[in-house]
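Q:
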Amino acid sequence: MKTMQLFSSSVMIIALLFCVMRADAQQATYKMTTDIPASITTSDVVETSLGTLRFFDGFPDAATVQKVYDNLDFQRGVQVFLTCIPPASANASRTGIRTFGPDNQTVLIAETLFDSRGIILTGNTETIYNITWFNTKDGPLVIEMPAGVLGVIDDFWFRFVTDIGPLGPDKGNGGKFLLLPPDYKGDIPDGYFVLHSRTYGHWCFFRVFIESGDMKSAVEYARQNYRAYPLALAENPPEMSFLNISGKFINTVHSNNFLFFEEVNQVIQEEPLEAVDPEVRGLLASIGIQKGKPFEPDERMKRILTDAAAVGNATARAINFGTRDEEAYYYPNSAWKAVFEGNDYRFSPGGVLNMDARTLYYYMGSGSSPSWVEKMIGQLSQYIFTEHDATGQYLDGGKNYSLHLPPNIPAKKFWSLLVYDPQTRSMLQTDQQFPSVSSLKKGIVVNPDSSVDVYFGPEPPAGKEANWVQTVPGKGWFLMLRLYGPLEPWFDKTWKPGEIELTK
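So for the sequence shown, our numbering puts the first residue at 7; every next one is plus one.
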């Protein structure tokens, strides 16, 4: 016992002497000594959100070094998740398309409209979708687009390449587009709308609109007039494959766990180094994703990235469903939010990237185009969405709600309301094939003043079945309002939808 007391006393004396020596060293004055501002020094013990960090005269001890590197790798993993949602999402779309057929030749067409079997980010139930994947790895690709369609081609990072339709180079008249690989050095023939891109992979989506309810003619029009083939095979192009995906399962949504990073790595390995800027390349390399090198995180790094994916996913969900940005709301004192904050498809108002606005959009949507934010009275479309009721509570699938759309809904063509699952950001799967109500729906009840009341809940209110969308007890849901051919009262905000009200 006495020996232990002597040992403890010795340790205390040594520690005290060390502190005195440190104090003497710090107080010693030399010829070149000046006053050092405390703000530029580091204490021996620093309390932080990471815990206690320890230093010897600014040198971090081994435990501190390990702790801060773990945190640094975690932070960079979270930032990779938020930054790389676009390519991960595009890759997931390509994977879904490839389950039906090869690149370039395969077109997924919703002949009898999309329904809730497909896991597709915020798809709609009112227009005939055509989705395809272009790959220019083997050379330039010719794309023959019919007149009167509305679409877009984006690169592998969902960066805009071209519009197809009224705001595209074809001016809505259709024509032949020539999509060039990023490294193409050959001749460019005349007679094409020439498209340049930073990637080989491209997502393409175009709509064929239904005239007078005739879906069959609209589908046949797309089948007969759309083609894509390598320029080298222009004299004898391969057959196209149009596959009806109405009522079929397809998953085009990226992972929200460690697999996310593997999906991103696949894009980085396939695409040119210059597809992204050096800073993004550096961010990716900091967690082990670098072109030409295997992505093989060790046990420690995989554990950190798994955690980063979980926090990145939670962050994206907070930005989407609990945003702190007042600019995201379309109307003051309302739960309705804009899909493109600030009406900017590049998310860069004043030349400054709004990273949260980018995350909000790409976590729930695909593609980008200036035409999606263009003000064209009576043309194109506009969207807003909400996941909260009038009291600020999340929408609960076990409760009953109503929504009032005031008179003179400002849509020249049609409007729709569609219910989505917050987990998949795709259509809510219930007993209803189409979880929507629209002005195109047969039997919809319109009030004498042209206003419309829509109902949501597990069971329809008596006599309101045509205006009801089913929800699921124990699940949340969110709602998107679309206006096709929006009119001036939409843009000047003199028309405003009601808030979603809880009913008995």
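Just so it is clear, CB atoms sit at the ideal spot from N, CA and C, and this is done for glycine as well.
All values derive from a computational prediction rather than experimental measurement.
(1) Which partner residues of Met151 appear in the DSSP bridge assignment?
(2) Following the continuous alpha helix (DSSP H) through Ile274, name the residue where it begins and the one where it ends.
(3) Please confirm if Thr321 has its CB atom under 9 Å from at least one CB of chain B.
(4) Is the stretch 451 to 470 touching the stretch 400 to 410 in the sense that three or more CB pairs, one from each, lie closer than 8 Å?
(5) Along the chain, where does the alpha helix (DSSP H) that runs through Met486 open and close?
(6) Identify the continuous beta strand (DSSP E) that holds Val214 and give its terminal residues.
(7) Give a yes or no on contact between the stretch 97 to 114 and the stretch 412 to 429, applying the rule of three or more CB pairs nearer than 8 Å.
(8) So, is Leu59 buried or exposed, given that buried needs 16 or more other C-beta atoms within 10 angstroms?
(9) Apart from the five residues just before and just after Ala281, which ones in its own chain have a Cβ nearer than 6 Å to its Cβ?
(10) For the putative contact between Gly373 and Asp160, defined by C-beta atoms under 8 Å, what is the C-beta separation to the nearest angstrom?
(11) Note the first and the last residue of the continuous beta strand (DSSP E) segment covering Ile293.
(12) Can you tell which of Gln81, Cys90, Thr329 has its C-alpha closest to the C-alpha of Val286?
(13) Mapping the DSSP letters down to three states, classify Ala68 as helix, strand or coil.
(14) What residues match up with Asp402 in a beta bridge as DSSP calls it?
(15) Which one of Leu156, Thr70, Asp79 has the shortest CA to CA distance from Ser377?
(16) Are three or more beta carbon pairs between the stretch 299 to 311 and the stretch 244 to 252 nearer than 8 Å?
(17) The beta strand (DSSP E) that contains Phe327, what's its start and end?
(18) Nearest CA to the CA of Asp176: which residue from Leu201, Tyr190, Met370?
(19) From the DSSP output, in three-state form, read off Gly523 for me.
(20) Take Met519 as the anchor and find which of Asp498, Arg104, Thr131 has the nearest alpha-carbon.
(21) Please classify Lys343 as buried or exposed, where buried requires at least 16 other C-beta atoms within 10 Å of its C-beta.
(22) List the DSSP bridge partners of Ile125.
(23) Our contact map puts Phe199 next to Leu184 with C-beta atoms below 8 Å; I'd like the distance itself, whole angstroms only.
(24) For Thr312, collect the residues of the same chain with a Cβ closer than 8 Å to its Cβ; drop the 5 residues on either side in sequence, then sort them by chain order.
(25) From Leu249 to Ser261, what does the alpha carbon distance come to, in whole angstroms?
(26) Between which residues of its own chain and His410 is the CB-CB distance below 7 Å, once the five residues before and five after are set aside?
(27) My assumption, with CB atoms under 8 Å, is that Phe211 sits in contact with Tyr336. Please give the rounded CB distance.
(28) Helix, strand or coil: how does DSSP classify Glu471 here?
(29) Taking C-alpha atoms, which residue in His208, Phe255, Phe162, Arg213 lies nearest to Gly180?
(30) When DSSP labels each residue in this structure, what does Glu302 get in the three-state scheme?
(31) Under a Cβ-count criterion, where at least 16 other Cβ atoms within 10 Å of its own Cβ denotes burial, should Asn319 be classed as buried or exposed?
(32) Out of curiosity, what's the CA-to-CA distance linking Gly102 and Gly124?
(33) DSSP three-state label for Pro236, please.
(34) Does the stretch 350 to 357 come within contact of the stretch 138 to 148, defined as at least 3 CB pairs closer than 8 Å?
(35) Sorted by chain position, which residues of the same chain lie with C-beta nearer than 8 Å to Ile5's C-beta, five sequence neighbours on each side aside?
(36) Compute the minimum distance between the beta carbon of Gln111 and the heavy atoms of the ligand MN, and state whether it is under 8 Å.
A: Based on what the coordinates show:
(1) Beta-bridge annotation (DSSP): Met151 is paired with Gly181.
(2) Counting along the chain, the alpha helix (DSSP H) containing Ile274 begins and ends at 265 to 276.
(3) The question asks about chain B, but that chain is absent: this structure has only one protein chain.
(4) Flag = yes, the stretch 400 to 410 and the stretch 451 to 470 touch.
(5) No alpha helix (DSSP H) holds Met486; the beta strand (DSSP E) holding it covers 484 to 492.
(6) From DSSP, the beta strand (DSSP E) with Val214 extends over 207 to 214.
(7) The answer is no - the stretch 412 to 429 does not touch the stretch 97 to 114, with fewer than three Cβ pairs under 8 Å.
(8) The residue in question, Leu59, is buried, as its Cβ has 16 or more Cβ neighbours within 10 Å.
(9) Spatial neighbours of Ala281 in its own chain (CB-CB distance under 6 Å, excluding positions within 5 residues in sequence) are listed in chain order as Arg204, Thr205.
(10) Contact flag correct, Cβ pair sits at about 5 Å.
(11) No beta strand (DSSP E) contains Ile293, which DSSP labels as neither H nor E.
(12) Answer by Cα proximity: Cys90.
(13) Here Ala68 sits in helix by DSSP.
(14) Gly482, per the DSSP bridge assignment.
(15) Looking at the Cα atoms, Leu156 is the closest of the given residues.
(16) Under the three-pair Cβ rule at 8 Å, the stretch 299 to 311 does not count as touching the stretch 244 to 252.
(17) Going by DSSP, Phe327 is part of no beta strand (DSSP E) but of the alpha helix (DSSP H) stretching over 305 to 327.
(18) Considering only alpha carbons, the answer is Leu201.
(19) Limits of the chain in this structure are 7 at one end and 510 at the other, which puts residue 523 out of reach.
(20) No statement about residue 519 is possible, as the shown extent of the chain runs from 7 to 510 and does not include it.
(21) Around the beta carbon of Lys343, a 10 Å sphere encloses 16 or more other beta carbons of the protein chains shown; the residue is thus reported as buried.
(22) Looking at the DSSP assignment, Ile125 forms a beta bridge with Asn257.
(23) Between the beta-carbon of Phe199 and that of Leu184 there is about 7 Å, and that keeps the pair under the 8 Å contact cut.
(24) In its chain, beyond the 5 residues on either side, Asn263, Phe264 have a beta carbon closer than 8 Å to the beta carbon of Thr312.
(25) When rounded, the distance between both Cα atoms is 25 Å.
(26) Closer than 7 Å at the Cβ level, and outside the excluded window around His410, lie Ser457, Asp459, Gly504.
(27) With 8 Å as the limit, Phe211 and Tyr336 do not qualify as a contact, their Cβ atoms being about 24 Å apart.
(28) Correct three-state label for Glu471: helix.
(29) Checking every option, the nearest Cα to that of Gly180 belongs to Arg213.
(30) Coil.
(31) If you draw a 10 Å sphere on the C-beta of Asn319, you find 16 or more other C-beta atoms in it, and that means buried.
(32) Gly102 and Gly124: Cα-Cα distance of roughly 10 Å.
(33) DSSP places Pro236 in strand when its eight states are reduced to three.
(34) Too few Cβ pairs lie closer than 8 Å, so no.
(35) The chain is shown only over 7 to 510; residue 5 falls outside these bounds and no answer can be derived.
(36) The ligand MN is absent from the structure shown, which contains no ligands of any kind.
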